[in-house]
Amino acid sequence: AQSVTQLGSHVSVSEGALVLLRCNYSSSVPPYLFWYVQYPNQGLQLLLKYTSAATLVKGINGFEAEFKKSETSFHLTKPSAHMSDAAEYFCALFNFGNEKLTFGTGTRLTIIP
Amino acid sequence: DSGVTQTPKHLITATGQRVTLRCSPRSGDLSVYWYQQSLDQGLQFLIQYYNGEERAKGNILERFSAQQFPDLHSELNLSSLELGDSALYFCASSVKPSGDTQYFGPGTRLTVL
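Protein chains in written order, with the numbering used here: chain A, 12 to 124; chain B, 177 to 289.
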């Protein structure tokens, strides 16, 4: 079965520090992978997506993610955290086998001033 | 603003009642998806329509149904409501029927009392 695991339901980093949000996936076929961000009381906004082209994907707001097949990972990073990055982040996998977008359980990112 | 609109923003109703949630996709998008977000279940895919036809089904209860109209807007009908149906319901849209980036609306928060 296809699945997405986000390690750490809560992550806190200091303003200006590196942000690292972890996502591991399980898929029997090459997946498309996405990171979405959800600000309080809002819908999900696409940060970036991997669609089997370049393994390092750059997104909006300074975020990027690297697809590592050997580690079945797609971790999200940002070199320097900003207060406005405080939100919930979801990793998602689109599997062409069942044509469904499966979301991880989310990671709530808190930025410490 | 993703371009996807959902009405109403909030809905409060009683157990046993029926409600209808409405979604208008981005201009040009033919595919509409419905998701449920709750604290205990996370983000769950419910159902997808593409150009008026049902394309994929997820964890949608038999008490729930959806349709997509000729103008491509979609409605999600929830009947015989239970307390556990209280959740955020998101609509998303995409151009292609499969594997495409999904753009999410702001959601409808349903509270069942």
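Every residue gets a Cβ at the ideal spot worked out from N, C-alpha and C, and that includes glycine.
Chain-ordered chain A contacts of GLN212 (chain B) [CB-CB under 8 Å]: Counting from one through the second sequence, the residue named residue 212 (chain B) turns up at place 36. Result: empty, since nearest Cβ-Cβ is about 11 Å, beyond 8 Å.
Assigned exposure category for LEU304 (chain B) - 16 Cβ within 10 Å defines buried: Limits of chain B in this structure are 177 at one end and 289 at the other, which puts residue 304 (chain B) out of reach.
Residue-level contact to chain A via CB, PRO282 (chain B), 7 Å cutoff: Indexing the second sequence from 1 puts residue 282 (chain B) at position 106. Output row for PRO282 (chain B): interface = yes.
Strand pairing of HIS86 (chain A), partner residues [DSSP]: Here residue 86 (chain A) refers to the residue found at position 75 of the first sequence. According to DSSP, which records beta bridges pairwise, HIS86 (chain A) is partnered with A:GLU77.
Best match in A:LEU31, A:VAL15, A:SER63 and A:THR16 for proximity to PRO90 (chain A) [C-alpha to C-alpha]: Against the first sequence, residue 90 (chain A) aligns to sequence position 79. When A:LEU31, A:VAL15, A:SER63 and A:THR16 are compared, the shortest CA-CA separation from PRO90 (chain A) is found for A:LEU31.
Proximity below 7 Å, CB of THR191 (chain B) to CB of VAL288 (chain B): Sequence index remark: in the second sequence, residue 191 (chain B) carries index 15 (1-based). Sequence index remark: in the second sequence, residue 288 (chain B) carries index 112 (1-based). Yes, the pair counts as a contact, with Cβ atoms nearer than the cut-off.
Buried versus exposed, by CB contacts within 10 Å (16 or more), THR121 (chain A): In the first sequence, counting from the first residue as 1, residue 121 (chain A) sits at position 110. THR121 (chain A) should be labelled exposed.
Assigned exposure category for ILE71 (chain A) - 16 Cβ within 10 Å defines buried: In the first sequence, residue 71 (chain A) corresponds to position 60, counting from 1. ILE71 (chain A) comes out exposed.
Per DSSP, cross-strand counterpart(s) of VAL22 (chain A): Stepping through the first sequence from its first residue, residue 22 (chain A) is reached at position 11. Note: VAL22 (chain A) sits in a beta bridge opposite A:LEU120.
Short Cβ contact (7 Å threshold) for GLN220 (chain B) with LEU264 (chain B): As a first step, residue 220 (chain B) must be located in the second sequence, where it is residue number 44. As a first step, residue 264 (chain B) must be located in the second sequence, where it is residue number 88. By the CB criterion at 7 Å, GLN220 (chain B) and LEU264 (chain B) fall outside the cutoff.
Option nearest ALA268 (chain B) by Cα separation, candidates B:SER274, B:GLY275, B:ARG202 and B:GLU238: For this step, residue 268 (chain B) is matched to residue 92 along the second sequence. When C-alpha distances from ALA268 (chain B) are compared across B:SER274, B:GLY275, B:ARG202 and B:GLU238, the shortest belongs to B:ARG202.
Span of the beta strand (DSSP E), counted from its first residue to its last, around PHE245 (chain B): Here residue 245 (chain B) refers to the residue found at position 69 when the second sequence is read from its first residue. Annotation: PHE245 (chain B) is outside any beta strand (DSSP E) and is labelled neither H nor E by DSSP.
Three-pair Cβ contact test at 8 Å for the stretch 180-195 of chain B versus the stretch 33-40 of chain A: Short answer: they don't touch.
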